[in-house]
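254 is the number that the numbering used here gives the last residue of the sequence shown; the numbers go up by one with no jumps. All residues carry an ideal CB built from backbone N, CA and C; glycine is no exception. On a predicted model such as this, the values are computed, not experimentally measured, just so you know. The structure appears below as structure tokens.
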Amino acid sequence: MNLNLSNKVILISGGAKGIGGAISRALIEEGAIPVMIDPNEKESAEIIALGEAFQIPMRLFEAADSKKAVKLTLEKYGRIDGLVNNAGANDSIGLEHGSPEAFEKSVAKNLNHYYHLAHYALPYLKEAKGSIINISSKTAVTGQGGTSGYTAAKGAQLSLTREWAVELLPYEITVNAIIPAEVFTPLYENWINTFPNPEKKLAEITAKIPLGNRMTTPEEIAAMAIFLFSDKARHITGQHLFVDGGYTHLDRAI
């Protein structure tokens with residue numbers, strides 16, 4: 001099936017590992033060009049070896065970083081057709097075991113660059129009638145406990161998805177959010193390994209995932225992203241799309 005993604009330039013924060021890396025690989029398979037804002041050299045090189053792709057080796061701490069990433073993309077390719085806001089980390093800054101300063105830093109780290117990248121990329125997305133995809137988390141709607149900063153940022157991402165979808169209607173720019181639940185990424189593996197018995201903890205989690213009692217793969221998240229960027233999804237906007245094997249909404253007693 002031709003999804004009409006050939007030579008489309010897609011900017012991806014955290015585009016070399018985990019969910020972002022899977023999206024970059026899927027884009028290459030469809031003939032698109034992922035631009036990975038990611039400092040990880042090894043993983044980026046592996047993706048670049050698969051086809052046309054570009055790495056911007058940096059992290060997005062300030063608005064100026066996002067502005068620079070957009071500038072470098074334009075210098076290289078002259079266009080931006082889509083944006084995946086993806087980078088972030090569940091940093092366990094809670095209410096009881098946290099501080100106002102740590103909370104503010106966590107929210108800023110996980111949220112601000114979503115706005116910054118969209119703001120600076122917008123003039124070029126308008127030209128392309130492009131798409132924005134925000135990668136959020138089921139913790140935004142279920143809660144997790146002990147991670148106030150991260151969940152506040154993830155909830156804000158869902159709110160911004162609908163706010164931007166409305167604001168950008170005149171430009172025919174689609175804006176959607178993908179909401180993963182349990183996806184075995186490198187960050188997830190690091191978290192699992194903090195438990196005394198990681199294998200037992202992982203088995204307890206997968207037993208609660210209704211569809212197949214298994215974790216969602218990064219490639220399954222990427223498949224949804226590819227669809228949302230395609231011509232087949234041109235009338236889908238403002239949606240929160242759960243790709244989670246039924247984890248968030250189905251009864252755990254099933």
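In the DSSP assignment, find the alpha helix (DSSP H) that holds residue i and state where it starts and stops.
| i | result |
| --- | --- |
| Ile28 | 18 to 29 |
| Val84 | That residue, Val84, is in no alpha helix (DSSP H); its beta strand (DSSP E) goes 82 to 85. |
| Gly44 | Residue identity differs from the one stated: residue 44 is Ser in this sequence, not Gly. Run containing Ser44: 41 to 48, per the alpha helix (DSSP H) assignment. |
| Leu74 | 63 to 77 |
| Thr174 | Not the alpha helix (DSSP H): Thr174 falls in the beta strand (DSSP E), residues 174 to 180. |
| Val141 | 139 to 142 |
| Ala203 | 198 to 206 |
Residue i and residue j look like a contact to me (Cβ under 8 Å); what is the Cβ gap, rounded to whole Å?
| i | j | result |
| --- | --- | --- |
| Tyr150 | Asn110 | 6 Å |
| Leu3 | Ile209 | Not confirmed; about 28 Å, so no contact. |
| Arg79 | Val166 | 25 Å between Cβ atoms; not a contact. |
| Tyr157 | Ser136 | The sequence given here has Gln at residue 157, not Tyr. Correct: roughly 5 Å between the Cβ atoms. |
| Thr161 | Arg234 | That belief does not hold up - the Cβ atoms of Thr161 and Arg234 are roughly 17 Å apart, past 8 Å. |
| Asn176 | Leu74 | At roughly 24 Å, the Cβ-Cβ gap does not stay under 8 Å, so Asn176 and Leu74 are not in contact. |
| Ala118 | Trp164 | 7 Å |
| Glu199 | Tyr247 | Rounded, the Cβ-Cβ distance is 20 Å, inconsistent with contact. |
| Thr216 | Val243 | 6 Å |
In terms of residue numbering, what span does the beta strand (DSSP E) encompassing residue i cover?
| i | result |
| --- | --- |
| Gln157 | Premise fails: Gln157 lies in the alpha helix (DSSP H), 148 to 167, not in any beta strand (DSSP E). |
| Asn134 | 131 to 135 |
| Ala108 | Element bounds for Ala108: n/a, residue is neither H nor E. |
| His116 | His116 -> not in any beta strand (DSSP E); alpha helix (DSSP H) instead, spanning 113 to 128. |
| Phe54 | 54 to 56 |
| Ile10 | 9 to 13 |
Just to confirm, are residue i and residue j a CB contact at a threshold of 8 Å?
| i | j | result |
| --- | --- | --- |
| Val107 | Ala152 | yes |
| Leu60 | Ala87 | yes |
| Ile37 | Ile23 | no |
| Gly31 | Ile47 | no |
| Ala89 | Leu228 | no |
| Ile133 | Ile178 | yes |
| Glu43 | Ala26 | no |
| Ser53 | Pro34 | One detail in the question is off: residue 53 reads as Ala in this sequence, not Ser. Yes. |
| Ser230 | Leu83 | no |
Considering Cα atoms alone, identify which of the options is closest to residue i.
| i | options | result |
| --- | --- | --- |
| Met1 | Ala16, Ala22, Glu29, Lys17 | Glu29 |
| Thr139 | Asn40, Leu27, His249 | His249 |
| His97 | Ala63, Tyr120, Thr147, Phe54 | Thr147 |
| Asn40 | Gly212, Glu220, Gly14 | Gly14 |
| Asp81 | Glu219, Ala16, Glu172 | Glu172 |
| Phe184 | Arg214, Pro196, Ala207, Phe195 | Arg214 |
| Asn190 | Phe54, Ser159, Gly18 | Gly18 |
| Lys67 | Ala45, His116, Ser92 | His116 |
| Lys129 | Asp251, Asn112, Thr237 | Thr237 |
| Glu220 | Gly94, Gly245, Asn197, Ala63 | Gly245 |
| Leu169 | Phe195, Leu122, Ala102 | Leu122 |
Does DSSP put residue i in a helix, in a strand, or in coil?
| i | result |
| --- | --- |
| Pro34 | strand |
| Phe184 | coil |
| Thr216 | strand |
| Phe242 | strand |
| Ile226 | helix |
| Ala233 | helix |
| Ile254 | coil |
| Asn193 | coil |
| Ile93 | coil |
| Tyr247 | coil |
| Pro170 | helix |
Check whether the Cβ of residue i lies closer than 8 Å to any Cβ atom in chain B.
| i | result |
| --- | --- |
| Tyr124 | In summary, chain B is missing from the structure at hand, where a single protein chain is found. |
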